[in-house]
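> Residue numbers (full-length UniProt numbering): 1 to 541.
1) How far does the alpha helix (DSSP H) with residue 455 in it reach, from first residue to last?
2) In three-state DSSP terms, what is residue 1?
3) Does the segment 128–139 come close enough to the segment 155–174 to have 3 or more Cβ pairs within less than 8 Å?
4) Can you tell me where the alpha helix (DSSP H) with residue 212 in it begins and where it stops?
5) Give every residue of the same chain whose Cβ lies closer than 6 Å to the Cβ of residue 293, excluding the five residues on either side of it in the sequence, and list them in chain order.
6) Going straight from the alpha carbon of residue 209 to that of residue 17, what length do you get?
7) Thinking C-alpha only, which one of 258, 270 and 195 is nearest residue 237?
8) State the DSSP-derived secondary structure class of residue 28, mapped to helix, strand or coil.
9) Does the segment 420–439 come within contact of the segment 471–479, defined as at least 3 CB pairs closer than 8 Å?
10) Between residue 459 and the rest of its own chain, which residues show a CB-CB distance below 6 Å, the 5 nearest in sequence each way excluded?
11) Along the alpha helix (DSSP H) that carries residue 399, what are the first and last residues, could you check?
12) Expressed to the nearest angstrom, what Euclidean distance is found between the alpha-carbon atoms of residue 202 and residue 235?
13) Beta carbon of residue 124, beta carbon of residue 130: below 8 Å?
14) With respect to the alpha helix (DSSP H) encompassing residue 154, which residues constitute its N-terminal and C-terminal limits?
15) Can you tell me where the alpha helix (DSSP H) with residue 527 in it begins and where it stops?
16) Three Cβ pairs or more, each shorter than 8 Å: is that satisfied between the segment 384–396 and the segment 360–370?
17) CA-CA distance, residue 320 and residue 507?
18) For a test of the three-state rule: what should DSSP assign to residue 225, helix, strand or coil?
19) Exposed or buried, what is residue 494 when buried is set at 16 or more other beta-carbons lying within 10 Å of its beta-carbon?
20) May I ask you to report which of helix, strand or coil DSSP gives residue 120?
21) Quick one, which of 366, 454 and 349 has its alpha-carbon nearest residue 414's?
22) Got a sec? Which residues, its chain only, sit under 7 Å from residue 396 by beta carbon, not counting five neighbours each side?
23) Who are the near neighbours of residue 521 in its chain, counting only those whose CB is closer than 8 Å to its CB and skipping five residues on each side?
24) Classify residue 92 as helix, strand or coil using the three-state DSSP reduction.
25) Can you say whether residue 544 is buried or exposed, counting buried as having 16 or more other CB atoms within 10 angstroms of its CB?
26) How many Å lie between residue 467 and residue 536 at the Cα?
27) Pop quiz: residue 529 and residue 490 are said to be a contact at Cβ under 8 Å. What is the actual Cβ separation, rounded to whole angstroms?
28) Given this structure, state the Cα-to-Cα distance separating residue 164 from residue 176, to the nearest angstrom.
29) Considering only DSSP beta bridges, list what residue 335 is partnered with.
30) What does DSSP give as the partner residues of residue 442 in its beta bridges?
31) Beta carbon of residue 381, beta carbon of residue 345: below 8 Å?
32) Please specify which runs of the alpha helix (DSSP H), each continuous and at least 4 residues long, are wholly inside the segment 354–390, giving them in chain order.
33) How about residue 22 and residue 218: do their beta carbons lie closer than 8 Å?
34) Any idea which residues DSSP pairs residue 308 with across the strands?
35) Could you work out which residue in 126, 230, 47 and 289 is closest to residue 95 when comparing CA atoms only?
36) Expressed to the nearest angstrom, what Euclidean distance is found between the alpha-carbon atoms of residue 277 and residue 524?
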């Protein structure tokens with residue numbers, strides 16, 4: 001049986017880490033591990049996935065709330081405690097929450113019904129996904145004969161759609177590098193995320209016996225994840241800091257930090273050891289642990305400000321260094337907008353929130369520069385708002401996500417429903433997209449056409465984003481009825497375990513690739529229900 005290991009690697013001379021392998025997660029197979037009952041559960045989950053994966057994208061059990069009048073403060077608290085109890089039990093010893101950060105099919109093998117493979121789990125078959133996954137199976141020893149229906153269907157799909165000659169450039173690089181490396185070194189890496197693959201190939205070309213190449217090999221395990229659909233590759237090694245920072249905000253929104261102080265202390269320690277944190281500095285150390293050192297916060301702010309664009313916005317990985325016209329030399333043929341690191345609404349909103357939190361704790365540090373960045377960042381967010389009141393989401397699906405982030409950034413900077421036309425338009429947009437059942441649900445295709453596409457069914461995370469956007473905009477004080485309906489939707493989707501169901505994946509990259517943030521299905525409903533409960537208490541007081 002497979003077991004998940006945390007923070008291991010110090011005993012391997014080929015591995016190096018600047019933080020003691022904090023947040024590292026790898027799967028290890030124990031042939032004697034697990035009881036017969038545990039093995040039976042694993043096999044049942046695998047069979048259920050295989051049987052239902054084309055017909056059942058999500059599964060959840062419905063509770064017995066019948067109307068919004070039953071969503072009381074007591075009901076909200078009960079729902080929150082159920083999910084927090086369960087979710088806290090899933091926390092890793094390091095203090096973060098592990099998960100399968102996956103979903104891209106040219107690094108994750110999952111065949112479609114037509115015999116091809118997609119680029120991601122939600123999409124139709126593509127030549128990119130089909131070619132690299134077909135080559136993977138052949139290299140693994142699968143034989144093309146009358147007994148191998150899957151391989152035969154895959155080959156037929158490729159040939160009927162033009163063969164590998166029409167595959168995009170990335171697929172051709174992938175194929176040539178993989179086959180050459182396998183033939184010459186016996187090493188197999190097709191599931192290893194793309195950039196790491198290229199780096200490893202470069203080291204191998206330079207010297208296949210070098211330590212530089214050999215150090216890549218044990219790192220393959222960092223990218224593998226196991227679930228009911230089998231072994232697959234994560235997009236990156238994980239999103240530990242990002243997820244934990246959001247989870248901390250979700251826990252803090254509930255007002256139950258004292259009740260779950262041990263969980264938050266562990267999360268605080270993880271973030272302090274991996275990155276800086278500001279929100280927890282406002283909570284007594286007896287509940288969340290000792291605060292981070294002041295100089296480390298200054299270092300973090302200095303680092304953050306070094307990435308800010310000249311106009312006060314924030315991109316994803318570096319400052320914007322050129323103009324969009326260079327996109328015409330984009331060599332990937334598969335992904336758009338990858339030559340320039342553009343400023344993003346979500347990133348800029350997060351920047352504004354972080355700087356305002358920092359300024360509240362350390363008002364004198366680089367004050368003029370920070371004030372200017374906040375002012376310009378707010379103007380950027382307002383300028384990027386669409387005519388219908390929404391914002392386009394670049395890092396998740398899609399408009400409810402970005403609209404929640406935009407509202408939160410604007411409100412942090414002092415905008416309100418009363419003094420901001422942008423906030424009022426955003427509320428109208430969110431209310432107009434609420435389903436009759438009370439939830440929200442978007443189709444991933446909206447990312448590609450840059451228009452809101454209603455999926456026709458509620459999604460727990462979209463519903464939480466819609467709720468949070470309205471809550472931060474002041475909807476509780478204006479008219480809480482839509483929020484009661486949304487809260488009822490979330491509570492009715494809660495599972496017997498206390499968690500919320502995994503539905504369609506929501507992560508997005510360059511409007512081209514879609515992948516899964518496994519923690520989103522729990523953290524955002526916790527955040528939405530917690531913030532709603534807290535605001536109701538404040539309104540009553």
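Don't be surprised by glycine CBs; every beta carbon is placed ideally from N, CA and C.
In short:
1) Looking up residue 455 in the chain shown gives position 455. Unbroken run through residue 455: none, as it is neither H nor E.
2) Along the chain shown, one-based indexing puts residue 1 at 1. Note: residue 1 maps to coil in three-state DSSP.
3) Three or more beta-carbon pairs separated by less than 8 Å link the segment 128–139 to the segment 155–174, which places the two stretches in contact.
4) Along the chain shown, read from residue 1 onward, the residue named residue 212 stands at position 212. Where residue 212 is concerned, the enclosing alpha helix (DSSP H) stretches over 211–214.
5) Residue numbering aside, residue 293 sits at position 293 when the chain shown is read from its first letter. Taking C-beta separations shorter than 6 Å and ignoring five residues to either side along the sequence, residue 293 has no partners in its chain.
6) Reading the chain shown from its first residue, position 209 is the one you call residue 209. Reading the chain shown from its first residue, position 17 is the one you call residue 17. Rounded to whole angstroms, residue 209 to residue 17 spans 22 Å at the Cα level.
7) Within the chain shown, numbered from 1, the residue matching residue 237 stands at position 237. Among 258, 270 and 195, the Cα nearest to that of residue 237 belongs to 195.
8) Position 28 of the chain shown holds residue 28. Secondary structure at residue 28: strand, using DSSP grouped into helix, strand and coil.
9) These segments touch.
10) Within the chain shown, residue 459 is the residue found at index 459, counting from 1. Hits under 6 Å: 441 and 503.
11) Within the chain shown, residue 399 is the residue found at index 399, counting from 1. 399–412 is the extent of the alpha helix (DSSP H) around residue 399.
12) Indexing the chain shown from 1 puts residue 202 at position 202. Indexing the chain shown from 1 puts residue 235 at position 235. Linking residue 202 to residue 235 through their CA atoms gives a straight-line distance of about 20 Å.
13) Position 124 of the chain shown holds residue 124. Position 130 of the chain shown holds residue 130. Not closer than 8 Å, so no.
14) Here residue 154 corresponds to residue number 154 of the chain shown, with the count starting at 1. It spans 149–160 - the alpha helix (DSSP H) in which residue 154 sits, taken as one unbroken run.
15) The count along the chain shown starts at 1 and reaches residue 527 at position 527. Counting along the chain, the alpha helix (DSSP H) containing residue 527 begins and ends at 520–540.
16) Touching, no.
17) Residue numbering aside, residue 320 sits at position 320 when the chain shown is read from its first letter. Residue numbering aside, residue 507 sits at position 507 when the chain shown is read from its first letter. Residue 320 and residue 507: Cα-Cα distance of roughly 23 Å.
18) Mapped onto the chain shown, residue 225 falls at position 225. Looking at residue 225 - three-state DSSP - the assignment turns out to be strand.
19) Walking along the chain shown from the start, residue 494 turns up at place 494. Flag for residue 494 reads buried.
20) Stepping through the chain shown from its first residue, residue 120 is reached at position 120. Residue 120: strand per DSSP, three-state reduction.
21) Translated into the one-based positions of the chain shown, residue 414 becomes position 414. Checked all of 366, 454 and 349; the closest Cα to residue 414 is 349.
22) Along the chain shown, read from residue 1 onward, the residue named residue 396 stands at position 396. Excluding its 5 nearest sequence neighbours in each direction, residue 396 has C-beta neighbours in its own chain below 7 Å: 506, 507 and 508, listed in chain order.
23) Here the question's residue 521 lines up with position 521 in the chain shown. Excluding the 5 residues flanking it on each side, residue 521 has same chain C-beta neighbours closer than 8 Å at 460, 461, 499, 500, 501, 502 and 503, in chain order.
24) Taking the chain shown and counting its residues from 1, the one referred to as residue 92 is at position 92. Coil.
25) The structure shown has nothing for residue 544, since the chain only spans 1 to 541.
26) Your numbering for residue 467 matches position 467 in the chain shown. Your numbering for residue 536 matches position 536 in the chain shown. In a straight line, the C-alpha of residue 467 is about 13 Å away from that of residue 536.
27) On the chain shown, position 529 is the one that residue 529 refers to. On the chain shown, position 490 is the one that residue 490 refers to. Confirmed, Cβ separation roughly 6 Å.
28) Within the chain shown, numbered from 1, the residue matching residue 164 stands at position 164. Within the chain shown, numbered from 1, the residue matching residue 176 stands at position 176. Taking the straight line from one Cα to the other gives about 11 Å.
29) Residue numbering aside, residue 335 sits at position 335 when the chain shown is read from its first letter. Answer by DSSP bridge pairing: none, since residue 335 is not bridged.
30) Position 442 of the chain shown, counted from the start, is the residue given in the question as residue 442. Partner(s): 454.
31) The residue labelled residue 381 in the question sits at position 381 within the chain shown. The residue labelled residue 345 in the question sits at position 345 within the chain shown. Contact flag set, yes.
32) For the segment 354–390, the continuous alpha helix (DSSP H) assignments of 4+ residues that do not extend past its boundaries occur at 367–383, in sequence order.
33) The residue labelled residue 22 in the question sits at position 22 within the chain shown. The residue labelled residue 218 in the question sits at position 218 within the chain shown. Here residue 22 is not near residue 218, since their CB atoms are 8 Å or more apart.
34) Locating residue 308 in the chain shown gives position 308, where the first residue counts as 1. Residue 308 is bridged to 314.
35) In the chain shown, counting from the first residue as 1, residue 95 sits at position 95. Comparing Cα-Cα distances from residue 95 to each of 126, 230, 47 and 289, the minimum goes to 289.
36) The residue given as residue 277 occupies position 277 in the chain shown. The residue given as residue 524 occupies position 524 in the chain shown. Cα-Cα distance, rounded: 19 Å.
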